[in-house]
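Residues 286 to 739 (our numbering) are what the sequence shown spells out, left to right.
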Amino acid sequence: MKYDPIAAVFVVAAFCAMSAPPVHAQETPWKAGVARADITPQEPLWLAGYAARNHPSEGMLHPLWVKALALEDASGGRGLLFTSDILGYPKDVADRICSRIEAQFGLTRAQIILSASHTHSAPVIGASLRCMYTFDDAEEVKLLAYTAWLEDRIVALAGEALANLRPAALSSGNGVARIAVNRRNNNERALTPTTVVDGPHDHAVPVLKITRSDGTVAAVVFGYACHATVLSDYLWCGDYPGFAQIALEEAHPGATAMFFAGCGADQNALPRRSVALARQYGRTLAAAVMRVCDEPMRPLEAQLATAYQEITLALTPPPDADTLRERAAGSGGYAQSCTQALLDTLERQGTLPEAYSWYPVQLWRLGGQTLVTLGGEVVVAYAIQVKERLDDDAFVMGYANNLLAYIPSETVLAEGGYEGKDAQLIYGIPNAWKPGLEAQILNAVTALYQESGK
286 MKYDPIAAVF
296 VVAAFCAMSA
306 PPVHAQETPW
316 KAGVARADIT
326 PQEPLWLAGY
336 AARNHPSEGM
346 LHPLWVKALA
356 LEDASGGRGL
366 LFTSDILGYP
376 KDVADRICSR
386 IEAQFGLTRA
396 QIILSASHTH
406 SAPVIGASLR
416 CMYTFDDAEE
426 VKLLAYTAWL
436 EDRIVALAGE
446 ALANLRPAAL
456 SSGNGVARIA
466 VNRRNNNERA
476 LTPTTVVDGP
486 HDHAVPVLKI
496 TRSDGTVAAV
506 VFGYACHATV
516 LSDYLWCGDY
526 PGFAQIALEE
536 AHPGATAMFF
546 AGCGADQNAL
556 PRRSVALARQ
566 YGRTLAAAVM
576 RVCDEPMRPL
586 EAQLATAYQE
596 ITLALTPPPD
606 ADTLRERAAG
616 SGGYAQSCTQ
626 ALLDTLERQG
636 TLPEAYSWYP
646 VQLWRLGGQT
656 LVTLGGEVVV
666 AYAIQVKERL
676 DDDAFVMGYA
686 NNLLAYIPSE
696 TVLAEGGYEG
706 KDAQLIYGIP
716 NAWKPGLEAQ
726 ILNAVTALYQ
736 ESGK
């Protein structure tokens with residue numbers, strides 16, 4: 286039998302974690318509850334993320350999941366974290382889910398995190414990126430029905446997770462996995478095993494472990510800053526984050542693995558485009574998580590503080606109707622259809638927006654562990670800056686609460702290109718962000734950090 290080093294890591298770490306001594310209830314005033322739901326569509330549907338796809342799904346590599354973690358601190362303060370094998374949550378979908386959870390369970394917006402893995406092998410959600418896709422009205426009806434079903438399932442999961450609250454201990458740590466490559470600074474086709482890659486990155490692997498009072502692992506929450514775009518076929522799949530969660534749950538029987546996307550909007554796992562590579566990256570990430578769990582982690586006091594704010598981000602002046610008509614006539618594919626959608630909006634409403642007023646910034650303090658969430662497709666510079674401002678060990682989540690657009694740094698904004706400007710079109714944003722958004726977002730994070738520490 287051949288020696289498998291990755292499998293060995295799983296076995297050793299699983300043994301250490303599962304054989305940890307029981308922790309007495311008075312030492313673990315946290316309460317935690319976990320719930321999960323299989324959200325794999327039961328019929329062929331259009332897959333999200335790529336404009337080039339031209340027909341619905343053809344099958345499944347592994348199931349898609351939404352997973353919920355409910356937390357309650359020593360004073361009764363609660364929080365709900367959802368991780369999801371979807372591209373992202375459009376604002377209207379997130380608003381409906383959070384409003385229903387608040388009405389049914391009493392949690393405010395600050396107490397709810399909706400996180401997406403950003404897999405490009407999951408269904409289209411709501412009207413997100415509608416102008417980019419070529420499906421017809423009949424397909425749209427099916428996708429909207431799926432979205433409504435998904436919303437119902439997530440609200441139900443909230444109740445299940447809260448009902449499952451039991452005494453637990455929380456601990457945190459950071460590992461490392463060198464998977465992500467900055468896609469703006471490196472030519473994918475030119476990369477070789479000896480290429481020296483350029484550009485900023487964040488190879489941290491944040492890990493939050495939830496341990497039951499008997500010493501067994503209830504859940505492992507972990508993240509990574511890299512696009513889930515290894516695969517581009519027609520099969521339902523969580524991409525490399527899905528494979529990582531599978532590996533962790535196989536190593537931790539009875540535990541739930543929950544992945545969140547970091548600020549990886551300008552990061553890809555390279556090379557890519559094969560199931561074998563997606564599985565390899567998933568196992569590599571899982572091994573990094575297991576290494577953290579196998580070593581002493583920082584115990585977290587049962588104190589939960591939550592804060593949430595929506596800020597307004599200004600845009601550069603939008604194009605006029607003549608400019609849009611000229612662009613539509615001179616383009617094809619999704620560039621044409623998305624430009625036409627902007628023109629239709631302008632003709633219907635008489636104006637295009639010059640700002641976006643609902644950019645979500647959120648911060649949780651879990652004892653001594655800071656967790657920041659940012660909406661949209663956030664480039665890696667934000668994670669670097671948040672850690673410099675707040676804490677080197679801070680967890681920084683992108684793709685949370687609202688999949689509204691790409692969020693470039695000032696450097697990326699000035700450079701332009703896909704993440705800097707061009708991708709605005711597919712999100713229905715009429716022009717580039719106005720300079721200054723990086724400082725505005727980071728200042729909002731800092732303000733929430735100070736507010737939550739009072």
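In this text, a Cβ means the ideal position worked out from N, Cα and C, and glycines have one as well.
Mind checking if residue i is an interface residue toward chain D, Cβ cutoff 8 Å exclusive?
i: residue 568; result: The question asks about chain D, but that chain is absent: this structure has only one protein chain.
Spatial neighbours of residue i within its chain, please: CB distance less than 8 Å, with the 5 preceding and 5 following residues excluded, ordered by chain position.
i: residue 492; result: 457, 458, 459, 460, 505, 506, 507, 574, 577, 578 and 582
i: residue 440; result: 382, 385, 386 and 389
When you compare only the Cα positions, how much space is there between residue i and residue j?
i: residue 540; j: residue 566; result: 21 Å
i: residue 731; j: residue 407; result: 34 Å
i: residue 381; j: residue 436; result: 8 Å
i: residue 278; j: residue 478; result: The requested residue 278 does not occur in the structure, where the chain is confined to residues 286 to 739.
i: residue 410; j: residue 433; result: 9 Å
i: residue 625; j: residue 413; result: 16 Å
i: residue 621; j: residue 466; result: 30 Å
i: residue 300; j: residue 503; result: Because the pLDDT of residue 300 is 35, which lies under 50, any placement of that residue in the model is unreliable, and the question is left without a value.
i: residue 584; j: residue 453; result: 11 Å
i: residue 609; j: residue 688; result: 24 Å
i: residue 535; j: residue 628; result: 51 Å
i: residue 496; j: residue 705; result: 42 Å
i: residue 701; j: residue 416; result: 22 Å
Are the beta-carbon atoms of residue i and residue j separated by less than 8 Å?
i: residue 554; j: residue 464; result: yes
i: residue 644; j: residue 662; result: no
i: residue 726; j: residue 665; result: no
i: residue 703; j: residue 548; result: no
i: residue 601; j: residue 719; result: yes
i: residue 546; j: residue 364; result: no
i: residue 320; j: residue 449; result: yes
i: residue 606; j: residue 631; result: yes
i: residue 377; j: residue 349; result: no
i: residue 590; j: residue 314; result: no
i: residue 618; j: residue 336; result: yes
i: residue 523; j: residue 400; result: no
i: residue 398; j: residue 685; result: yes
Output needed for residue i: all residues of its chain with C-beta closer than 6 Å, excluding positions within five of it in sequence on either side, in chain order.
i: residue 334; result: 372 and 405
i: residue 708; result: 691
i: residue 649; result: 591 and 656
Check for me: the alpha helix (DSSP H) holding residue i runs from which residue to which?
i: residue 545; result: That residue, residue 545, is in no alpha helix (DSSP H); its beta strand (DSSP E) goes 541-546.
i: residue 569; result: 560-579
i: residue 634; result: 618-634
i: residue 637; result: Premise fails: residue 637 is in no alpha helix (DSSP H) and is neither H nor E.
i: residue 781; result: Shown here, the chain extends from 286 to 739; a query on residue 781 therefore has no answer.
i: residue 595; result: No alpha helix (DSSP H) holds residue 595; the beta strand (DSSP E) holding it covers 589-599.
i: residue 608; result: 606-614
Between which two residues does the beta strand (DSSP E) carrying residue i extend?
i: residue 649; result: 640-651
i: residue 453; result: 451-461
i: residue 552; result: 552-554
i: residue 531; result: It is not in any beta strand (DSSP E) - residue 531 instead sits in the alpha helix (DSSP H) that spans 524-536.
Apart from the five residues just before and just after residue i, which ones in its own chain have a Cβ nearer than 7 Å to its Cβ?
i: residue 325; result: 345, 348, 349 and 521
i: residue 669; result: 485 and 487
*For the stretch 336-419, list the alpha helix (DSSP H) runs that are entirely contained and at least 4 residues long, ordered along the chain.*
The DSSP assignment places complete alpha helix (DSSP H) segments of no fewer than 4 residues inside the stretch 336-419 at 376-390, in order along the chain.
*Within the stretch 709-738, ranges of the alpha helix (DSSP H) (whole runs, at least 4 residues)*: Entirely contained in the stretch 709-738, the alpha helix (DSSP H) runs reaching 4 residues are, in chain order, 722-737.
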